[in-house]
Amino acid sequence: MTAASLRDRTSQSGSTLTREEMAVATRALNRRRLTAFALVTPLLAFIGFAFVAPITTMLHQGVYNPTVAELIPDTLARLQDWDGRGTPDDSVLATMAVDLKRLANDRTAGKLAEELNRGLPGTSSVVKATARKLRNVADHDLPSVGAALLLEANDRWSSPELWRTVREAGKRYSERNFLTALDLERSPDGEIQRRESARIYIQLYVKTIKMALIITVLTFLLGYPLAYMMANSSSRVANTMLIFILLPFWTSLLVRTTSWIALLQTNGVINSLLMGIGITTQPIEMMYTEFATIVAMTHVLLPFMVLPLYSVMKGIDPSLMRASLSLGARPIPSFLRVYFPMTLSGLSAGGLLVFIISVGYYITPALVGGTDGQMISNVIAFHMQQSNNWELAAALGTLLLVVIVCLYWAYDRMVGAGNIKLG
Amino acid sequence: MKRPSVLLSAVAMLTLGATAGQTDDLTAVSFGGAYGAAQKLHMIDPYIEATGNNVLFEDYSGGIAEIKAQVEAGNIQWDVVDIEVIDLERACSEGLLEVIPRDILPPGDDGVPAEEDFFAEALANECGVGVIFWTIIYAYNTETIEGGVPSAIADFFDTETFPGKRALRKRPQVNLEWALIADGVPRDEVYDLLATDEGQARAFAKLDTIRDELVWYESWSQAPQLLNDGGAVMVQSANGRIFKDIQDHGRPFVMVWDSHVFDLDVWAITKGTPNLDLALDFVKFATGTVPLSGMQDVAYGPTRRSAAALVDPAVVNDLPTAHIDKGLKADGIFWADYGESLGEKFNEWLLQ
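First to last, the sequence lines map onto chains R and D.
Numbering that gives the first Met the number 0 puts the first residue of the first sequence at 0, with every later residue one more than the last.
Numbering that gives the first Met the number 0 puts the first residue of the second sequence at 0, with every later residue one more than the last.
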């Protein structure tokens, strides 16, 4: 059969495919697609349920807080006309008194108090004490004497600052948590300015990223030679070494972290040793420092660097190095120009893994970090568990996510994420 | 309030799956350790024996985040919770706890009605019934301390006379109070001053003077350990933990009672629990004279006069109730107001 006739037949068959045949073919294709989709549905559902939904909720919660708007809708509606200066007029105060009495009886005054206290520390007790006092006032009296009762209960109800806080907290959608997370706030005039009170979050983000970078570099310095040795020794030796790397990996994180406490503490193993052989006379303070956090986390995260490096190095043909040497390259340049570039994919994978895991690390810094070893995740935990400011925790978490995505993007531009290889 | 209720109920569903079929049991939650053991011995086990109802007794580390999550997801796992009064005020006013009627509480063993038998603080909040008076003191190790015998809060801040590390729990509470007292502020003015910017600055400035000698820890259990292994020569601690270590292990520790900051723990009931009747029944039983008097095992003061009368004379001097005149009552209302803003300032100070 000549090429020309084949071309002829193909074009013919293409054009002579009946509509019915095409439908059958399409149906078959669709069925295959559907089967494939059905197979991954459990995974997609799992990802949606366990990953996309929580993250979306978190993003949403950072900006959406309807608590105050739902608790005191009437007061907020009346407060709309207020110009933000001086005490709002009596009708607003009286409405607040009615709202507060209802909240006190529903036992939700504490929620309002907590939300307002966040904008203006010291407000919590004002709201709660006033609500308690209003509980026993008759309903029909409130509209007429409510304003006076409010001012009598606490003179801070006349302060414009408090009412500005009420108005601000009453917004369902607000960027204030993100401003706080960036150490910013709105001035009374609505301008964005640096926060007057504690400014800690930017500092913590910078510190977290700095520590993650140090840890990544350290795992590289320790892990690269190790992986190289493993990849270039006999399989018996390599397997033994692999077990030594995996054993700590299988050990509980808490056990590994606490054993560092035993090693590093003031009268711990290392200090006893140093003092025993006479290097120092005074114990060195290593525990509860940034140093302790870095050492312990480097140890904990080392396998994440070694394993991808090892699997990539395993696949490199040793004859390439020999070839480069036999062609006259010196060992170091030939390592740097032939071997090292081939391990970059494993290094990328290991580096990214270690960096991203350490940015969000929580337990180890909490246990061995003391004062200087704190990272942003510890503060997020503080807002989740102790101050109950879930909105701020969500905003901080979202920013952390944004920072990581930006860093990943920068990394992709500079190194290229396409070459990441886990094995 | 629409919190991430989808997520929460999902998590709750998973945990429910693991404990399904146990809804008839009462779940009581407390702080564990020696204190938890004393509660198990004197409250949980006798209750199970007396009534035949099953009680699951679990540990938590305090705070109201978990209670809040359960109430908002509408899925109550914890029926009865031991709460510090410093958190009680907030949990109650946010509607996370049931009101416990006073008239169900049994009279003392000597027949005195409950409302008179309990110390006033123990029934001050309608959502809780007092279990213990406990307190935060500092203790030193006689084997490692140098420079004399510390006897006042000011000595904790005096690193020249008493060199060495000091350990504090990493939070602003109690530490700022102590800083002001050590700086010469009378105990009854501490909270008023701490509400002002100048007072806060003064407290942090005082902490600054011992900054290099401070060790921070996260949980109470670390305090006796730090004192024992030489991590610090003086530690802040809950009094019961030091007492227990002296008693059980013969440690050379001494407690300093000057300006201790005392507080109460209460039994409270989670709002909306399906086991409300059982929970009330348990609280009634556990706050009776005899169970309360058992709290002396860990040197925490009972909250009923009739129970205080049953305390072993040998222990009386180790109870916070014997040192009330030297102490400062932790101000729950103050910390509800300023806990979060001082928490941020404290973190900022730590980072400097």
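By construction, the Cβ of each residue, glycine as well, lies at the ideal position given by its N, Cα and C atoms.
Here the structure is a predicted model, which is why all the values come from computation and not from measurement.
- When C-alpha distances from F261 of chain D are compared across D:W133, D:A64 and D:Y216, the shortest belongs to D:W133.
- Of all C-beta pairs linking the region 286-300 of chain D to the region 315-329 of chain D, three or more are shorter than 8 Å, placing the two stretches in contact.
- By the Cβ criterion, the region 195-207 of chain R is in contact with the region 371-384 of chain R, since at least three pairs of Cβ atoms, one from each stretch, lie closer than 8 Å.
- The beta-carbon separation of A204 of chain D and L175 of chain D, rounded to 11 Å, does not stay under the 8 Å limit for a contact.
- Contact with chain R is absent for G35 of chain D, since none of that chain's Cβ atoms lies less than 8 Å from the residue's Cβ.
- Across the set R:R175, R:A322 and R:I242, the C-alpha of R:R175 shows the shortest separation from the C-alpha of I191 of chain R.
- Taking a Cβ-Cβ threshold of 8 Å, none of the residues of chain D is close to T363 of chain R; the smallest such distance is about 12 Å.
- Under the DSSP assignment, M228 of chain R falls in the alpha helix (DSSP H) whose first and last residues are Y200 to A230.
- Residue range L275 to A285 is occupied by the alpha helix (DSSP H) that includes L275 of chain D, with no beta strand (DSSP E) assigned at that position.
- In terms of Cβ geometry, Y139 of chain D and V232 of chain D form a close pair [threshold 8 Å].
- When C-alpha distances from F177 of chain R are compared across R:R155, R:P187, R:I201 and R:P159, the shortest belongs to R:I201.
- With its beta carbon less than 8 Å from one in chain D, I199 of chain R belongs to the interface.
- Residue-level contact by beta carbon holds for Y287 of chain R and chain D, with a gap shorter than 8 Å.
- DSSP places E184 of chain R within a strand segment (E or B) once states are collapsed to three.
- In this structure, the straight-line span from the alpha carbon of F45 of chain R to that of A267 of chain D is close to 37 Å.
- One alpha carbon belongs to T17 of chain R, the other to A35 of chain R, and they sit about 27 Å apart.
- Within the region 156-217 of chain D, the complete alpha helix (DSSP H) runs of at least 4 residues fall at 174-181, 189-193 and 196-207.
- Shown here for G127 of chain D: same chain residues with a beta carbon closer than 6 Å to its own, the five before and five after excluded, namely L87, V265 and A267 in chain order.
- In the same chain as G342 of chain D, and ignoring 5 residues on each side of it, the C-beta atoms closer than 8 Å to its own belong to R170 and P171, in chain order.
- Residues are counted here when their Cβ sits less than 7 Å from a Cβ of chain D; for the region 121-143 of chain R these are G121, S123, S124 and K127, given in chain order.
- Of the residues R:G368, R:S310, R:T86 and R:L58, the one whose Cα lies closest to the Cα of R155 of chain R is R:T86.
- Membership of V84 of chain D in the alpha helix (DSSP H) is indicated by the continuous run V84 to S92.
- Neighbourhood of I63 of chain D in chain R, by CB distance below 7 Å: N387, in chain order.
- Only I332, F333, A335, D336, Y337, G338, E339 and S340 from the region 310-340 of chain D bring a Cβ to less than 9 Å from some Cβ of chain R.
- Classified as exposed, T15 of chain R has fewer than 16 neighbouring CB atoms from the shown chains inside 10 Å of its CB.
- Contact between the region 129-145 of chain R and the region 64-77 of chain R is not established, with fewer than three Cβ pairs separated by less than 8 Å.
- For G359 of chain R, same chain residues with a beta-carbon under 6 Å away, outside a window of 5 residues either side, are S376 in chain order.
- Y223 of chain R and L306 of chain R do not touch by the CB rule: their CB atoms are close to 13 Å apart, not below 8 Å.
- When Cβ-Cβ separations below 8 Å define contact, A194 of chain D makes contact with chain R.
- Taking the Cβ atoms as the reference, V173 of chain D lies roughly 7 Å from Q235 of chain D, within the contact range of under 8 Å.
- Boundaries around L352 of chain R are those of the alpha helix (DSSP H), F339 to V358, since no beta strand (DSSP E) includes it.
- Close to D228 of chain D, with beta-carbon spacing below 9 Å, are these residues of chain R in chain order: Q264, T265, N266 and G267.
- Using beta-carbon distances, N238 of chain D does not count as an interface residue toward chain R, since no partner is under 8 Å.
- Taking 8 Å as the upper bound for CB-CB distance, L327 of chain D and R101 of chain D are not in contact here, some 27 Å apart.
- In the DSSP annotation of this structure, the continuous segment of the alpha helix (DSSP H) that includes E151 of chain R starts and ends at L141 to A152.
- Beyond the five residues adjoining it in sequence on each side, L149 of chain R comes within less than 6 Å, by CB distance, of L92, A96 and W156 in the same chain, given in chain order.
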